[in-house]
Each structure stands twice: as C-alpha cells, then as structure tokens.
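Data first, discussion second: the structure below is written as structure tokens.
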Amino acid sequence: MLQKTLAALALGTALLGAGHATAADYAIDTEGQHAFVNFKISHLGYSWLYGTFKEFEGGFSFDEKNPEASKVNVTLNTASVDTNHAERDKHIRSDDFLSVGKHPTATFESTSVKSTGEGTADITGNLTLNGVTKPVVIAATFIGQGDDPWGGYRAGFAGSTMLKLKDFAIEKDLGPASSEVELIISVEGVRK
Amino acid sequence: MQWRNTPSHYGLLSIALHWLVAVAVFGLFGLGYWMVGLDYYSSWYKTAPELHKSIGILLFVVMLGRMLWRWINPPPASLPEHDRLTRLGASFGHTFLYLGLFVLMLSGYLISTADGRGIGVFGLFEVPATITRIPSQEDVAGLVHEYLGWALVIFAGVHALAALKHHFIDRDRTLSRMFGR
C-alpha cells in the first residue's frame, strides 16, 4: 500500500516536473544585497523623495521559454523603511503612514504574468501593505541572466508600479502632488 | 530677598530657576502635543518642532546649571512640621522630577540625532549627534519620549497639587517658600 502510494507520488511529481523542465527557482539575493525595494514620491510637487526598504526576502521562478509561467513572491519588513532621515522614518512607521506596529510585514504574491514584448511583462499580483490587500500590476523588465563568477547562476529583473496612498489606507494628506508613490523594484535571483 | 538660599529660605536664583523650568516643561509638553498633530501644510509644521528642540536644548543647559547651583548652594532644610514620611515622599518625588526630566530630554535628543544629524538651536549653534544608529533608535527613543513626557507632566501636576495641599490644607510655608517668603 505504502509502496504504491510512493510510486504514484513519484510518477505524479515526474509528470508535473516535465511541464516545467526548464523553469528554475531563484532566491532573491539579499545576502549579497543585489536587490532593492525602493520608492519614490513627490515632495510638494517640487522634487522626488526616494526611500528604500532594507529588509526583505523572496524568490521567483523563471523560465525564459515560458515567461508567463513565472512566479514571484516578496515579503518585507515595513519597519526597515529608510529615507535617510530618522525623524521622517519614524513618522513613516507611525499610524500616519505604514502602522508598522500593527502591520510589520508587507507582501507581494504574483497571480499571473503577461508578456508585453521582448523581455517585458506585466506581473499581476496581490500586494498587502498597511493591512490592505489589493491587486497591483508591476511593469517588469528582464535585465539579464547567466553564470556568475563564483559558480552560481543568476537572473535579474526590474519593475515598477504606482500606488495610491489612499488605496492602502494611508490617509495622511501630503498634498495634491503626493497622493501616489512609485514602487521601484530591482532584484537579482540566485538559482537554487 | 537675597539671591542665595539660606537654611530657612529659598534664594532668588533657585526660585527663578524653579519657575523657569516649570514654565518650560509645561510649555514644551503643550508644544510637543500640538506639533505632532499638525497638518503637513500648516505653516508651523516645520517651525514648531524646531522651536521644541531649541527650547529643549536650552532647558537641558538650564537644568545642568540648576543641578550645579543646587550642589554649590543647597536648598533650605525641610520644614520642621513635616514628618519623616512627608520628607521621604518629597525627596523621592523631586528625584523623579529631576531624573525624569533628564531622561526625557536625552530621549528627545536621541530621536533627532539618530541618523547623525545635529540639532540646531534657534539657528545660532548646533548640538552635534553623538550616539547614533542603535537599531530602532528613533523609534525606541520616540516611545520613551512620548510616555515619559506624559508621566512627567502628570507627575509635575501631582507636585503642584501637593504644594497646594500644603498651602491650603496644612497651611504651612511649603508653597510660599517658592515665592521667596
């Protein structure tokens, strides 16, 4: 009985695996930190303010021949926000913005990938931020892949999406020019 | 009234320092409470915190001077009609007020200097950052500053009520002494 079950499992796994023969799983390189989750928002309509989340992890699966089967997930520590100004970072962590006490993590989990051209794709997925989960579309670009000089294999992407602060229950009014923030992601994955 | 303390009376300098600090503490609390709720487009959004920090730094200098003066010229003895428990309570209370105020000012300093920035004082000079980049420094210091601020201002209120109790119920010189009588 047990042997039969195991055999069935093995067969099933083999069959499932066959369809994804060339798809590979990658871990986002946070160890060497070749990955960034940045954001950009207007200050009064006069300049761009940039910030970053320093702590996150995640991975993706990617097959160059079948990019629409790709998947990506990222989890980040909202308290790790850094805009190069401690007082502002403290304010962003407060209930006026990210409420990091109540919502310590933000996540993105892709649901579908649609190729939009040579090396570009729209990645649709659920973004959970400030306790609100909403579908967003990340316009992504494949940057490159190949062997690295240290025996590994890497692939990298960049992508961005616009978020309305109000959509994620951030009610603090920063003025008409600052109602939206652009999330800019640049990740390099190391093949597992 | 002379400017030095005597064994039975407070002198002018101690009295002036006491009331100056009292006004500053309640003023800073009110200013702090008000400024954190300001709208981003309020004309005070930037100036109120600058004022709060500038006054806070000056208060720190004044408090150092007050401690020094207390050491050079100790305050008068407790009133003879006060029993041991009253004296002990007063002593603990005053220690908490002094200590609490120093920790409060230090925590405020640690918020604003967490990233290595100094604190400008009325645009005249800048106090440099010293302790920086402790993990979550601005957040932990911020919590201490918020809760201790409330605790201190409530405790200062209790201190004031105790003085009024001495004046109106016990009818002793505790409060009048702080006016030089």
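Chains A and B are the protein sequences, given in the same order. Taking our numbering, the leading residue of the first sequence gets 1, the next gets one more, and so forth. Taking our numbering, the leading residue of the second sequence gets 1, the next gets one more, and so forth. Glycine included, C-beta positions come from ideal geometry on N, C-alpha and C.
One Cα belongs to residue 157 (chain B), the other to residue 48 (chain B), and the distance between them is close to 24 Å. The beta-carbon of residue 8 (chain B) is placed no less than 8 Å from the nearest beta-carbon of chain A. Shown in chain order are the members of the region 76-102 of chain A whose Cβ falls below 8 Å from a Cβ of chain B: 79, 84, 85, 86, 87, 89, 90 and 93. Taking C-beta atoms as the reference points, residue 138 (chain B) and residue 86 (chain A) count as a pair closer than 8 Å. If the five residues before and after residue 142 (chain B) are omitted, its C-beta is found closer than 6 Å to the C-beta atoms of 111, all from its own chain and listed in chain order. Among the residues facing chain A, residue 43 (chain B) is not included, as its CB has no counterpart in that chain under 8 Å away.
Between residue 44 (chain A) and residue 177 (chain A) a beta carbon distance of about 6 Å is seen, short of the 8 Å cut, so the two are scored as contacting. Checking the DSSP bridge columns, you'll see residue 135 (chain A) partnered with A:126.
Ranked by Cα distance from residue 37 (chain B), the options A:78, A:91 and A:135 are led by A:91. Against chain B, a Cβ distance below 7 Å from residue 167 (chain A) picks out nothing, because the smallest value is about 19 Å.
Of the candidates B:94, B:154, B:44 and B:99, B:99 places its Cα closest to the Cα of residue 60 (chain B). Residues of chain A whose Cβ lies closer than 8 Å to the Cβ of residue 142 (chain B) are, in chain order, 90. Within 10 angstroms of the beta-carbon of residue 132 (chain A) lie fewer than 16 other beta-carbons, which makes it exposed. Interface with chain A (8 Å Cβ-Cβ cutoff): residue 112 (chain B) is included. Contact of residue 50 (chain B) with chain A is not assigned, every C-beta pair being separated by 8 Å or more. Across the structure, residue 40 (chain B) and residue 81 (chain A) are spaced so that their CA atoms are roughly 20 Å apart. Within its own chain, the residues whose Cβ lies closer than 8 Å to the Cβ of residue 103 (chain B), once the five positions on either side in sequence are excluded, are 144 and 148, listed in chain order. Nearest CB-CB separation between residue 49 (chain A) and chain B: not below the 8 Å threshold. For the C-beta of residue 175 (chain A), the chain B residues within less than 7 Å are, from N- to C-terminus, 40 and 41. Shortest Cα-Cα distance from residue 96 (chain A) to any of A:166, A:57 and A:54 involves A:166.
Looking at the backbone, the Cα of residue 185 (chain A) and that of residue 64 (chain A) are separated by about 20 Å.
Listed along the chain, the chain A residues whose CB falls inside 7 Å of the CB of residue 138 (chain B) are 86, 87, 89 and 90. Of the candidates A:162, A:164 and A:142, the residue whose Cα lies closest to the Cα of residue 155 (chain A) is A:142. In this structure, residue 140 (chain A) sits away from residue 169 (chain A), with a CB-CB distance that is not shorter than 8 Å.
Looking at the DSSP output, residue 154 (chain A) bridges to A:146 and A:190.
Closest option to residue 131 (chain B), judged by alpha-carbon separation, among B:124, B:118 and B:122: B:118.
Judged by beta-carbon spacing, residue 28 (chain A) lies within the 8 Å limit of residue 74 (chain A), meaning their Cβ atoms are closer than that value. In the structure shown, residue 82 (chain A) falls within a strand segment according to DSSP collapsed to helix, strand and coil. Residue A:30 holds the alpha-carbon nearest to the alpha-carbon of residue 187 (chain A) among A:30, A:101 and A:129. Considering only B:150, B:146, B:122 and B:107, the residue with the shortest C-alpha distance to residue 129 (chain B) is B:107. The beta carbon of residue 75 (chain B) is closer than 8 Å to those of 5, 10 and 14 in its chain, skipping five residues each way along the sequence. Residue 70 (chain A) counts as buried, since at least 16 other C-beta atoms from the protein chains shown sit within 10 angstroms of its C-beta. Spanning the alpha carbons of residue 110 (chain A) and residue 130 (chain A) requires a straight line of approximately 18 Å. Neighbours of residue 170 (chain B) in chain A, taken as residues whose beta carbon is under 9 Å from its own, are absent, since the nearest beta carbon is some 45 Å off.
Interface criterion not met: the Cβ of residue 83 (chain B) is under 8 Å from no Cβ in chain A.
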